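2 protein chains.
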Amino acid sequence: MSAVYPINPRKTEYEISPIFVNRWSPRAFTGEPVEDAALFSLFEAARWAPSANNSQPWRFIYAKNGGTGWDKLLGLANENNRRWASRAGVLVALLSKKTHIRNGDTEPTPLRNHSLDAGAAWASLAFQAVHVGLATHAIGGFDRDNAPAVLGVPEGFQVEILIAIGKQGERAALPEDIQAREQPTPRKPLANFYAEGQFNFKE
Amino acid sequence: MSAVYPINPRKTEYEISPIFVNRWSPRAFTGEPVEDAALFSLFEAARWAPSANNSQPWRFIYAKNGGTGWDKLLGLANENNRRWASRAGVLVALLSKKTHIRNGDTEPTPLRNHSLDAGAAWASLAFQAVHVGLATHAIGGFDRDNAPAVLGVPEGFQVEILIAIGKQGERAALPEDIQAREQPTPRKPLANFYAEGQFNFKE
Chain A
1 MSAVYPINPR KTEYEISPIF VNRWSPRAFT GEPVEDAALF SLFEAARWAP SANNSQPWRF
61 IYAKNGGTGW DKLLGLANEN NRRWASRAGV LVALLSKKTH IRNGDTEPTP LRNHSLDAGA
121 AWASLAFQAV HVGLATHAIG GFDRDNAPAV LGVPEGFQVE ILIAIGKQGE RAALPEDIQA
181 REQPTPRKPL ANFYAEGQFN FKE
Chain B
1 MSAVYPINPR KTEYEISPIF VNRWSPRAFT GEPVEDAALF SLFEAARWAP SANNSQPWRF
61 IYAKNGGTGW DKLLGLANEN NRRWASRAGV LVALLSKKTH IRNGDTEPTP LRNHSLDAGA
121 AWASLAFQAV HVGLATHAIG GFDRDNAPAV LGVPEGFQVE ILIAIGKQGE RAALPEDIQA
181 REQPTPRKPL ANFYAEGQFN FKE
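Chains A and B, in that order, are what the protein sequence lines are.
Take the first sequence: its letter number 188 is residue 188 in full-length UniProt numbering, and every next letter is one higher.
Take the second sequence: its letter number 22 is residue 22 in full-length UniProt numbering, and every next letter is one higher.
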């Protein structure tokens, strides 16, 4: 990696599984197809994420590069994201369902943590991608107003993020102005994130 | 596990890393302390989760069983959850921050995916727990109205979930009426979760 990428700026303060620091979000993809077995293994991993009352509120609308729905999904991404996401192998819209019918009930109940649960599924998908040698990059910059209509999403669902999936490409193949950002990001110190007993974070 | 737990109902349709199916959410904890090195490795893993613009909007307020803040955190859980969560080694409130000051800006911008990003951190924490032999269980049933005041959480943050962390205990030590639920949950068929090109899920 060192020949292609800048020095990895990631240092951990506690020992953790390498999967957490090896996962990052490149923009350089090769444009190659993703095999179905790998793609569906990503959805499979997401399926086992934890969720409130096992409600499993995640849904994935996917399109293969050049295939059914590709232009619609790519077209939803902001212009700056389209510049690199156009070379992903697959684009996915991650949806969450906002209600759930509990065991024994007949009427749906609101799911307060539908977005959080979708985030757990997204992380599972991203880790399984590392496991099979693929890269992922979540896209928050997309046309949120028009996404439901473009994708045929009914009331009761939220389009959370787009996800680019593919084989990681060479940094040098990216548009020049994007190349500088093409490296694993660092994190704030761990002490910024935990507090004992009550809130005492400096913000 | 088979001597202590019912038959594991988890079957995958595609091959995935065992970490996804090995992680589940038991209610039986031993009440033993969690070592600091293990506890902080869980927050460390969460720290490397992906987030919009690397905003890292997750915060963790923790309490050790019997230690500073324990009664407040346990007291926030609904009565039914307190029955088993009282034997966790650590309780955590996961918060998300709703705004972020982007690079080069001086004013904060709303983070639309703060809950989703917190969910990615929660999943990372849960997977790292499996890695160090601990169990986790997210608690959505807690006093959401009073949690901010009890924990001293200011405006601009959301208390997302509580998380019980600890060493997994024997099913038989749980209150009898909870024992039947003490097993890994299955999932709906994978085909329920993905669609090509546009929304066509049956709901």
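We treat Cβ as the ideally placed atom computed from N, Cα and C, and that holds for glycine.
Here the structure is a predicted model, which means the values were calculated and not measured.
task: Give the range of the beta strand (DSSP E) segment to which B/L73 is assigned.
output: Note, B/L73: premise wrong, no beta strand (DSSP E); alpha helix (DSSP H) at 70-76.
field: Member of B/Q198, B/E203, B/F201, B/F193 whose CA lies at the smallest distance from the CA of A/A45
entry: B/F193
- request: Could you run through the region 168-197 of chain B and flag, in chain order, every residue whose CB is less than 7 Å away from some CB of chain A?
  value: T185, R187, K188, L190, F193, Y194, A195, E196, G197
field: Whole-Å CB distance - B/F29 paired with B/G169, under 8 Å assumed
entry: 5 Å
Nearest neighbour of B/Q183, chosen from B/N22, B/E13, B/Y14 [CA to CA]: B/N22
- request: Identify every residue that forms a DSSP beta bridge with A/A135.
  value: A/G166
field: Helix, strand or coil at B/E32 according to DSSP, with G and I counted as helix
entry: coil
message: Which complete alpha helix (DSSP H) runs does the UniProt domain "Nitroreductase" (79-167) of chain A hold, if anything under 4 residues is left out?
response: 79-85, 114-131, 147-151
query: Does the Cβ-Cβ distance between A/V153 and B/F199 come in under 8 Å?
result: yes
- prompt: Among B/A52, B/I163, B/F40, which residue has its Cα nearest to the Cα of B/N78?
  reply: B/I163
- request: Below 8 Å CB to CB, which residues in the same chain sit around B/I178 once its five sequence neighbours on both sides are set aside?
  value: R27, R83, W84
task: In the DSSP assignment, find the alpha helix (DSSP H) that holds B/F20 and state where it starts and stops.
output: 18-22
- prompt: Can you round the beta-carbon distance between A/L111 and A/S25 to whole angstroms, since I take them to be within the 8 Å contact cut?
  reply: The Cβ separation is near 27 Å, so there is no contact.
task: Take the Cβ of A/G166 as the centre, count every other Cβ of all protein chains shown within 10 Å, and call the residue buried at 16 or more, exposed below.
output: buried
Alpha-carbon spacing of B/N80 relative to A/N65, whole angstroms: 48 Å
message: Considering only DSSP beta bridges, list what B/W58 is partnered with.
response: B/S96
message: Measuring alpha carbon to alpha carbon, tell me which residue in B/F157, B/L76, B/S115, B/I101 is nearest B/N146.
response: B/L76
query: Would a check of beta-carbon distances place residue 234 of chain B closer than 8 Å to chain A?
result: Look at the range of chain B in this structure, 1 to 203, and you will see that residue 234 of chain B is not part of it.
field: For A/E196, three-class secondary structure by DSSP
entry: strand
query: How about B/G69: is its C-beta nearer than 8 Å to some C-beta of chain A?
result: yes
query: Does the beta carbon of A/D143 sit closer than 8 Å to a beta carbon anywhere in chain B?
result: no
B/Q158 versus B/L151: straight-line alpha-carbon distance, rounded: 11 Å
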